[in-house]
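Participant: Let me begin by handing over the structure; questions about it come next.
There are 2 protein chains.
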Amino acid sequence: MSLPHAILTALLEKPSSGLELTRRFDKSIGYFWSATHQQIYRELGKLEQAGHIRALPAPVPARGQKKEYEVLPAGRAELGDWVGRSEDPKPMRSALLLRMRAAAIVGAEGLRAELERHLALHREQLDEYLAIEERDFPAERRRTEADRLRHLVLRGGVDLERFWVEWLTRALAELGRSEE
Amino acid sequence: MSLPHAILTALLEKPSSGLELTRRFDKSIGYFWSATHQQIYRELGKLEQAGHIRALPAPVPARGQKKEYEVLPAGRAELGDWVGRSEDPKPMRSALLLRMRAAAIVGAEGLRAELERHLALHREQLDEYLAIEERDFPAERRRTEADRLRHLVLRGGVDLERFWVEWLTRALAELGRSEE
DNA sequence: ATTAGCATGTAAAAGGTTACATGATTTA
DNA sequence: TAAATCATGTAACCTTTTACATGCTAAT
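So the protein lines, in turn, are chains X and V. Just so it is clear: in the first sequence, position 52 is 52 by the numbering used here, and no numbers are missing. Just so it is clear: in the second sequence, position 91 is 1091 by the numbering used here, and no numbers are missing.
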């Protein structure tokens, strides 16, 4: 049950509309939580009903009209509470690793191309995160605790992409050994 | 839609009952796919109906009685087909990273203990995987292609746990800087 | 006026989690 | 024979994914 807390966090960082949130989830929030616009709109409704957020008064409230939300004290309290809660890491699910294990039995036909495709995707993602890092956390400057926390989270995203790039590179090398 | 393929893979490696499969998912299959016994029983039913697997004839078929399954040719064909399919990597969702980002706003109260708890869990998991590696993939021996593939998958699990251990260690060090 | 793009939603289906129910087998 | 354990299953719920629907706004 983390989506509402992801949204509260995003809204505290900057009040936004549903579509703006969607875009932020696609970009800078994506390295620790992902969500589609359908999830976001549904959850915004629930959060509003619960009194955790409210829509800023709009000049002309109507469907198809931008609607900005901000976090209410109750929402901030709920988030503060949630941060202190304990939760076990979710077990892994990687379709790619599964394909590889299945390939050990039924043959690795076509797997190589898929590995190369994933390698390219992860390299791209890694470059994006590195660009964000350069932009938002430049060099060695006196930083606040909050800055250091945010940087650590981004570092998580960066290092995870690096892991995939390295693993895929190694996998492709190993796979090549006998195929030529 | 990968759970059925995870089960087909597991059953091809060794015909099993539902509970045996559950145990295997908890241990050696867990580093690339996880599933509970409820999911597994439900899916075994579907796979049997689809003609992809069959229950081995039991002496006394009854509820509460062990029921072993094996993969039929149609199941193997489906798996072979699936391995060649293309699928994008699923975007990340880490409640821990989210907690950290939220902590940057509402305060890191109690986060340190949670990080330490996760560090311990990931160290344990890493040790388990390393033990499996030593047992199943000893030293440098002539290996078949299938062995190399299986080893690569396990390496994925190992390296991912290492990533978490390293990131958490670093996070704790960073967090400590200002708290004392 | 029409089209493209922005913006907010609804609905149905698939997948995963949690809680509970039940029968068979072994062991104290 | 009672309790523990093995084994299979059902049901309800929650979350995520996919597809579709609708209304506003700006540009051609």
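Cβ atoms here follow ideal geometry from the backbone N, Cα and C, with glycine treated the same way.
Give the secondary structure of residue 92 (chain X) by DSSP, where H, G and I count as helix, E and B as strand, and everything else as coil.
Facilitator: coil
Participant: Hey, is residue 132 (chain X)'s beta-carbon within less than 8 Å of any beta-carbon in chain V?
Facilitator: no
Participant: Assign residue 38 (chain X) to one of two classes, buried (16 or more other C-beta atoms within 10 Å of its C-beta) or exposed (fewer than that).
Facilitator: exposed
Participant: Identify the contact partners of residue 28 (chain X) in chain V, using a Cβ-Cβ distance below 9 Å as the criterion.
Facilitator: Contacts between residue 28 (chain X) and chain V, judged by CB atoms closer than 9 Å, are missing: the closest CB pair is about 10 Å apart.
Participant: Contact between the segment 122 to 135 of chain X and the segment 1129 to 1138 of chain V: three or more CB pairs below 8 Å?
Facilitator: no
Participant: Can the beta-carbon of residue 1161 (chain V) be found closer than 8 Å to that of residue 152 (chain X)?
Facilitator: no
Participant: Please list the residues of the segment 100 to 121 of chain X that have a C-beta atom closer than 9 Å to any C-beta atom in chain V, keeping them in chain order.
Facilitator: 100, 101, 102, 103, 104, 105, 106, 107, 108, 109, 110, 111, 113, 114, 117, 118, 121
Participant: In the structure shown, what three-state DSSP assignment does residue 104 (chain X) receive?
Facilitator: helix
Participant: Which residues mark the beginning and the end of the beta strand (DSSP E) in which residue 1112 (chain V) is found?
Facilitator: For residue 1112 (chain V), there is no enclosing beta strand (DSSP E); the residue is found in the alpha helix (DSSP H) stretching over 1111 to 1136.
Participant: Count the other C-beta atoms from every protein chain shown that fall within 10 angstroms of the C-beta of residue 1 (chain X), then say buried if there are 16 or more, exposed otherwise.
Facilitator: exposed
Participant: For residue 116 (chain X), I'd like the list of residues in its chain whose CB is within less than 6 Å of its CB, leaving aside the five on either flank, ordered along the chain.
Facilitator: none
Participant: For residue 1006 (chain V), which residues in chain X fall below 8 Å Cβ to Cβ?
Facilitator: 98
Participant: Please list the partners that residue 152 (chain X) has in chain V, where partner means a Cβ-to-Cβ separation under 7 Å.
Facilitator: Those within 7 Å of residue 152 (chain X) in chain V are 1100, 1171, 1174.
Participant: Give a yes or no on whether the minimum CB-CB distance between residue 160 (chain X) and chain V is below 8 Å.
Facilitator: yes
Participant: What is the C-beta distance between residue 1035 (chain V) and residue 1003 (chain V), in whole angstroms, given that I count them as a contact (C-beta under 8 Å)?
Facilitator: 6 Å
Participant: Distance cutoff 8 Å, beta carbons only. Does residue 1019 (chain V) sit that close to anything in chain X?
Facilitator: no
Participant: Could you pull out every residue in the same chain whose Cβ sits closer than 7 Å to the Cβ of residue 70 (chain X), ignoring the five residues on either side in sequence?
Facilitator: Here the set comprises 11, 15, 53, 54, 56.
Participant: Would residue 1191 (chain V) be called buried (16 or more neighbouring beta carbons within 10 Å of its own) or exposed?
Facilitator: Only positions 1001 to 1180 of chain V appear in this structure, which leaves residue 1191 (chain V) out of reach.
Participant: What's the call for residue 143 (chain X), buried or exposed, on a 16-neighbour Cβ count within 10 Å?
Facilitator: For residue 143 (chain X), the number of other beta carbons within 10 angstroms of its own is below 16, and it is reported as exposed.
Participant: Terminal residues of the continuous beta strand (DSSP E) containing residue 1041 (chain V)?
Facilitator: Looking at the DSSP string, residue 1041 (chain V) is not in any beta strand (DSSP E); the run it does join, the alpha helix (DSSP H), is 1037 to 1049.
Participant: Within the continuous alpha helix (DSSP H) that includes residue 55 (chain X), where are the two ends?
Facilitator: Per DSSP, residue 55 (chain X) belongs to no alpha helix (DSSP H); it is in the beta strand (DSSP E), 53 to 55.
Participant: Among residues of its own chain, excluding the 5 on either side of residue 1180 (chain V), which ones have a beta-carbon nearer than 7 Å to its beta-carbon?
Facilitator: Bear in mind that the predicted position of residue 1180 (chain V) carries a pLDDT of just 42, short of 50, making it unreliable; the figure below should be weighed with that in mind. Within the same chain, residue 1180 (chain V) has no close Cβ partners at all.
Participant: Cα separation between residue 109 (chain X) and residue 1083 (chain V)?
Facilitator: Each residue's CA atom was taken as its position, placing residue 109 (chain X) and residue 1083 (chain V) some 8 Å apart.
Participant: So residue 68 (chain X) is in the alpha helix (DSSP H); what residue range does that whole segment cover?
Facilitator: Element bounds for residue 68 (chain X): not the alpha helix (DSSP H) but the beta strand (DSSP E), 68 to 71.
Participant: If distances are taken between C-alpha atoms only, which option among X:8, X:27, X:65, X:118 comes closest to residue 172 (chain X)?
Facilitator: X:118
Participant: Quick one: is residue 149 (chain X) near chain V, going by C-beta distance under 8 Å?
Facilitator: Chain V, which has a Cβ nearer than 8 Å to the Cβ of residue 149 (chain X), makes this yes.
Participant: Residue 89 (chain X) touches chain V at which residues, Cβ-Cβ below 9 Å?
Facilitator: 1094, 1095, 1096, 1118, 1121, 1122, 1125, 1164
Participant: Who are the near neighbours of residue 1158 (chain V) in its chain, counting only those whose CB is closer than 6 Å to its CB and skipping five residues on each side?
Facilitator: 1129
Participant: Where residue 5 (chain X) and residue 1068 (chain V) are concerned, what is the direct C-alpha to C-alpha distance, given to the nearest angstrom?
Facilitator: 43 Å
Participant: Counting only Cβ-Cβ distances shorter than 9 Å, please list the residues of the segment 37 to 49 of chain X near chain V, keeping chain order.
Facilitator: none
Participant: Do residue 1185 (chain V) and residue 1041 (chain V) have their C-beta atoms closer together than 8 Å?
Facilitator: This structure cannot speak to residue 1185 (chain V), because chain V is shown only from 1001 to 1180.
Participant: Please confirm if residue 139 (chain X) has its CB atom under 8 Å from at least one CB of chain V.
Facilitator: no
Participant: When the Cα of residue 100 (chain X) is compared with those of V:1100, V:1156, V:1163, V:1090, which residue comes out closest?
Facilitator: The shortest C-alpha separation from residue 100 (chain X) is found at V:1156.
Participant: By Cβ distance, which residues of its chain are closer than 7 Å to residue 168 (chain X), with the 5 residues on each side in sequence left out?
Facilitator: 115, 118, 119, 122
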